Structure formats: structure tokens, C-alpha cells
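For reference, the structure discussed in these notes is given below.
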Amino acid sequence: MTTTQGTESRTHQSETAAEVVGRLRATFNTGVTRSLDWRVNQLQRLRALLVENEQELIEALWADLRKNAAEAKTQEIDFTVADIDETLANLENWLQPRPVEVPAHFGPTTTAYTTYDPLGVVLVIAPWNFPLHLLIDPIIGALAAGNTVVAKPSEISVHTSAVASRLLREYFDPDVLTVVEGGAEETTALLAQRFDHIFYTGNGTVGRIVMAAAAKNLTPVTLELGGKSPVFVAPDADVDETAKRLVGAKFGNAGQQCIAPDYVLADPATVAALVPALRAAVEAQFGTNPQTAAGFGRIINERHFDRLTALLDSGKAAVGGRHDRDDLFIAPTVLTDVDPASPIMQEEIFGPILAVVEVEDLDAAIAFINERDKPLALYAFTESEATKARLVNETSSGGVAWGQPVMQLLMTGLPFGGVGESGMGRYHGRYSLETFSHLKGVADVPLS
Numbered sequence: 000m001t002t003t004q005g006t007e008s009r010t011h012q013s014e015t016a017a018e019v020v021g022r023l024r025a026t027f028n029t030g031v032t033r034s035l036d037w038r039v040n041q042l043q044r045l046r047a048l049l050v051e052n053e054q055e056l057i058e059a060l061w062a063d064l065r066k067n068a069a070e071a072k073t074q075e076i077d078f079t080v081a082d083i084d085e086t087l088a089n090l091e092n093w094l095q096p097r098p099v100e101v102p103a104h105f106g107p108t109t110t111a112y113t114t115y116d117p118l119g120v121v122l123v124i125a126p127w128n129f130p131l132h133l134l135i136d137p138i139i140g141a142l143a144a145g146n147t148v149v150a151k152p153s154e155i156s157v158h159t160s161a162v163a164s165r166l167l168r169e170y171f172d173p174d175v176l177t178v179v180e181g182g183a184e185e186t187t188a189l190l191a192q193r194f195d196h197i198f199y200t201g202n203g204t205v206g207r208i209v210m211a212a213a214a215k216n217l218t219p220v221t222l223e224l225g226g227k228s229p230v231f232v233a234p235d236a237d238v239d240e241t242a243k244r245l246v247g248a249k250f251g252n253a254g255q256q257c258i259a260p261d262y263v264l265a266d267p268a269t270v271a272a273l274v275p276a277l278r279a280a281v282e283a284q285f286g287t288n289p290q291t292a293a294g295f296g297r298i299i300n301e302r303h304f305d306r307l308t309a310l311l312d313s314g315k316a317a318v319g320g321r322h323d324r325d326d327l328f329i330a331p332t333v334l335t336d337v338d339p340a341s342p343i344m345q346e347e348i349f350g351p352i353l354a355v356v357e358v359e360d361l362d363a364a365i366a367f368i369n370e371r372d373k374p375l376a377l378y379a380f381t382e383s384e385a386t387k388a389r390l391v392n393e394t395s396s397g398g399v400a401w402g403q404p405v406m407q408l409l410m411t412g413l414p415f416g417g418v419g420e421s422g423m424g425r426y427h428g429r430y431s432l433e434t435f436s437h438l439k440g441v442a443d444v445p446l447s
């Protein structure tokens, strides 16, 4: 992918990227997007799109990722609808100007406040692993903040992207929200335009391309990337409960989640107890043959399948290890005897393989984490408040969850985002409004 200025790849209905952005900017410049009523109406449209077309969306998610109906409904639809509902319930309050204390020497009549200003035209680029939720969720914040939107779904999750694109065109005025489908050529053409914010979810390689393109126009970016999210299992953890929760968090969507646990750090005695517990937890959730389990998904395509199976040589398959390329199936797998220098420890796994690395103690675990790129998430299983305090204060990560991986994502009152190599910026709930707005300071000094 390149970001050469002037690239004129054609979009829907033969518009150039420049024409799309110009049309949306013209809408924004009318001021129509600033009213609360307009914002609420757009969010209600988004909600209706999801609720009224639930079954078609679930079928598309099955076609792309073999997501079963319950998982697709919960993770891709219900969670997104809940975020819309929270925004609708709170938006009027969030948008209220906030008074700021004025120093006494400016006099008793001088006032000051902050207010949220819409940015303009924003670009949302979505990934393939949660192709509906991660397309729609940033749009919630963009519309709530009073912006117009260019939405670019993933070309890899072809079925979900096709359905979502068609529905967005049906439910939205194209002068408010325009969908641009395609691959690298279309994305490159979009990135050559001047946006007021770019929100990208995906890998760090493309994230760098997005950021470099944005820099040409001084466009702010939110980069939701990923990384190797560690799990520290302390000696005081209940290994059976730990294993059950780890399996649920790791192997959903066949491990293709940016916040999935990537590797476990534990001392040798804890590893010895944890591995059989993980084996039992996998069997309890997916049966003795996960390939026939209704709740276990598939790898998105052959390229990712081949990348993942090559990583299996990085350790001993203490659990799972079986795979079937024709079915894009890789069994829930736990690798032990993993060397920190092995290939699986050099990249985000992003699949149904959990690496287990033995460390001496908490000190060694903290050192191990800090020697590597800052992860999107840090997880730990422990009853010790002192251990939790050390981990949260002595390491850096996008977010933290104790006792239940992924929980920090589900709480929309918490900001979600990365740090360093795992991304920049944050969203969910009020944080989405902040991301897609400019916090404007206003001072008022009366003339008399």
C-alpha cells in the first residue's frame, strides 16, 4: 500500500475518494450535524440497522468466521447495541458545557467553560476479526460527536462486509455516512485525502502507513492495534477456575481477538498444575473433538492458517495441536516448553494457540513483560492485592483485568485503547465522544 497524493481510485457509484470527502464536508459545513436531535436520529438509525437485520448479520458472520449464532449475537450485535443505548441515554448530559473555575483576580463576572466541538469528516477503517462490531462501534462515537463519516469495512471478511455495507447505505443518507469498499487501492486513495480524524483498527504494519498518511495533513489518529497480551498466574491462584476463564477468553473467535491472552507466565510448579487444568477446561467447553463443536470458529483464510501452523513448532503441544487446512481448523492448543526466543514469542499469535513460558517468580514476570513491546492488555490471576499493585504500577499496558481476561473491554465506563506498539487513543462510551470531538475552551469577559 502507498499513500501517493492524487491517487484516484473509484468508490461507490464511480465517485473518487476526493469527491466523497468533499460531499461529506459540504454536509458538515451546513451545521446540520451539530444539533442533539440530529445526533440522536443517526444513532437510532444505527441501532435499527442492527436490531432489524440481526439474522442476516449472524449468517454473514458464520460464513466468514464460523461464528455460532450465540457468539455472533452477543459479541457483534448485543454489545454494540448496548454501547448505542448507553450513548443515547447519556449524550445530552455529556454534551453540556462544563464550567471551569476562574482565578479571583479576573473578577467576579468573568466565566469560563469547556464544550465539545465536532471535528468534521472522519474515516473509520475496520478489521476482519470482528467485522461488524469493530466497524460500527467507532461510528457510534463519530456520529454522537456530530461528524460525517466515511466507513471502510474489511475486504477480508467478505460476507459480513457486503451485508454491513449494503445496510449502511439503506439506513443512512450518503451525504452523512458513505461506505467505501475495496482493498489496498481504495484505502490508499482515502488516506490521500484530508480527514479531521482517522480511526484505524488492525495491525501495526498498516497502522504505521495510516499514521504516515495522516501526518501529511496533520490529521489526528486513533490506532487500535494489538500485541502480545501476557497472563501472569500466581502460585495462589485457583488453577481450575483460572483454566476455565482462560479457555473462555482465549479461544473465542478461534483466538482471533486483539485482546485475547497471548501467553502465560508462571513458575514451574504452577505450570505443572495449570496445564492439566487447561486440558480439562478445553474438553469441558469444546468436547473431545473441537472440530465438531458448534461453539468453535475457524481461521479467516489460508494465509493466516499457514502462519499459525508454522508457530506450532515453537513448543510442545500439551493440549490440542491438531489442524485441518481444508476446514481452516486449528484445535485449541496449549504449547509448553516455549523458548522466549522462539518464533511464537516474536509476534502476536492471533489464533487458538496459547504459549506457556516458565518464569521464576513475580519479579521475573515483570521483567519479562517490560523487556517487550507494551501490550494492549495485561491479565493476572491472583488473590494478592500486593501482586496486583505491583503489576499495575510496574508495567505498562493499554488496560488491565484481574481474574477475568477481556473484562476491561466489556465495561464501557472504562477507556479502551493501546499504548506504544499496541496503539494510541481510546474509545467506548464517553471516551468515544471525546475521541471524535475537540474539547474547546471558552472564556467570557463581560464588557461592562
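First residue of the sequence shown: 0, per numbering that gives the first Met the number 0; consecutive thereafter.
From the three backbone atoms N, C-alpha and C, an ideal C-beta is built for every residue, glycine too.
Every value quoted in this text rests on a predicted model; they were computed, and no experiment measured them.
Residue i versus the options, residue with shortest Cα-Cα distance
i, options, result
"Phe-250", "Phe-194, Val-318, Pro-331 and Gly-225", "Pro-331"
"Leu-35", "Asp-77, Asn-128 and Leu-90", "Leu-90"
"Thr-73", "Leu-87, Ile-57 and Pro-374", "Ile-57"
"Gly-419", "Ala-268, Ala-309, Thr-241 and Leu-222", "Leu-222"
"Thr-114", "Arg-97, Leu-49 and His-303", "Arg-97"
"Gln-407", "Asn-392, Glu-393 and Arg-425", "Arg-425"
"Val-472", "Leu-361, Asn-392, Leu-64 and Asp-77", "As displayed, the chain neither begins before 0 nor continues past 447, which places residue 472 out of reach and without an answer."
"Thr-335", "Gly-397, Val-356 and Ala-248", "Val-356"
"Gly-41", "Leu-167, Pro-130, Asp-325 and Val-99", "The question names Gly, but residue 41 is Gln in the sequence shown. Checked all of Leu-167, Pro-130, Asp-325 and Val-99; the closest Cα to Gln-41 is Leu-167."
"Ala-316", "Pro-289, Asp-323 and Leu-353", "Leu-353"
"Pro-445", "Arg-389, Thr-204 and Gly-106", "Gly-106"
"Phe-78", "Lys-66, Ala-442 and Leu-409", "Leu-409"
"Asp-195", "Pro-102, Val-20 and Gly-201", "Val-20"
"Leu-217", "Val-238, Arg-193, Asp-239 and Gly-203", "Arg-193"
"Val-318", "Asp-338, Arg-278, Glu-282 and Asp-325", "Arg-278"
"Gly-225", "Lys-215, Ile-258 and Gly-247", "Ile-258"
"Thr-32", "Pro-102, Asp-116, Pro-414 and Ala-163", "Asp-116"
"Asp-305", "Asp-84, Ile-343, Asp-312 and Arg-324", "Arg-324"
"Ala-242", "Val-399, Thr-381, Gln-54 and Gly-412", "Thr-381"
"Glu-53", "Val-101, Gly-30 and Ala-71", "Ala-71"
"Tyr-170", "Ser-156, Leu-118, Ala-59 and Arg-46", "Arg-46"
"Ala-236", "Glu-359, Ala-272, His-322 and Pro-339", "Ala-272"
"Pro-126", "His-303, Arg-44, Trp-37 and Ser-160", "Ser-160"
"Leu-134", "Leu-48, Asp-172, Asn-28 and Ala-88", "Leu-48"
"Leu-64", "Asn-92, Gln-256, Ser-431 and Val-39", "Gln-256"
Residues bridged to residue i [DSSP beta-bridge criterion]
i, result
"Thr-147", "Val-120"
"Tyr-112", "Pro-98 and Val-441"
"Ile-352", "Thr-332"
"Ser-436", "Pro-117"
"Tyr-426", "Phe-415"
"Gly-398", "Ala-376"
"Glu-357", "Ala-265"
Rounded Cβ spacing between residue i and residue j (contact assumed at less than 8 Å)
i, j, result
"Val-123", "Ala-144", "The pair is not a contact, with the Cβ atoms about 12 Å apart (cut-off 8 Å)."
"Val-178", "Pro-137", "Incorrect: roughly 14 Å between the Cβ atoms, too far for contact."
"Ala-212", "Ala-191", "7 Å"
"Gly-428", "Gly-397", "About 16 Å; that fails the 8 Å criterion."
"Val-205", "Ile-197", "12 Å between Cβ atoms; not a contact."
"Val-246", "Val-270", "Contact flag wrong, Cβ pair sits at about 16 Å."
"Ala-62", "His-132", "The pair is not a contact, with the Cβ atoms about 16 Å apart (cut-off 8 Å)."
"Thr-394", "Leu-377", "6 Å"
"Leu-118", "His-437", "6 Å"
"Leu-432", "Trp-93", "6 Å"
Whether residue i touches residue j by CB criterion (8 Å)
i, j, result
"Arg-244", "Pro-404", "yes"
"Leu-264", "Arg-297", "no"
"Gly-350", "Ile-329", "yes"
"Asn-67", "Ala-293", "yes"
"Ala-111", "Ala-442", "yes"
"Pro-229", "Asp-261", "yes"
"Val-220", "Leu-23", "no"
"Thr-200", "Leu-176", "no"
"Gly-254", "Ile-348", "yes"
"Val-50", "Val-99", "no"
"Met-344", "Val-333", "no"
"Asn-450", "Ile-155", "Only positions 0 to 447 of the chain appear in this structure, which leaves residue 450 out of reach."
"Ala-188", "Ala-400", "no"
"Val-120", "Glu-55", "no"
"Asp-174", "Thr-411", "no"
"Asp-82", "Ile-139", "yes"
Contact test: residue i Cβ vs the ligand GDP heavy atom, cutoff 7 Å
i, result
"Lys-227", "With respect to the ligand GDP, the structure offers nothing, as it holds no ligand at all."
Ignoring anything shorter than 3 residues or poking outside the stretch 144-194, list the beta strand (DSSP E) runs there in chain order.
-> 147-151 and 176-178
Which parts of the stretch 188-261 are runs of the alpha helix (DSSP H), unbroken and 4 residues or longer, counting only runs that do not cross its ends?
-> 203-214 and 238-250
At which residue ranges does the stretch 254-311 contain complete alpha helix (DSSP H) runs of 4 or more residues, listed in the order of the chain?
-> Fully enclosed alpha helix (DSSP H) runs of 4 or longer: 267-285 and 301-310.
Entirely enclosed beta strand (DSSP E) segments - the stretch 310-340, minimum 3 residues | Unbroken beta strand (DSSP E) runs of no fewer than 3 residues, entirely contained in the stretch 310-340, are found at 315-318 and 332-335, following chain order.
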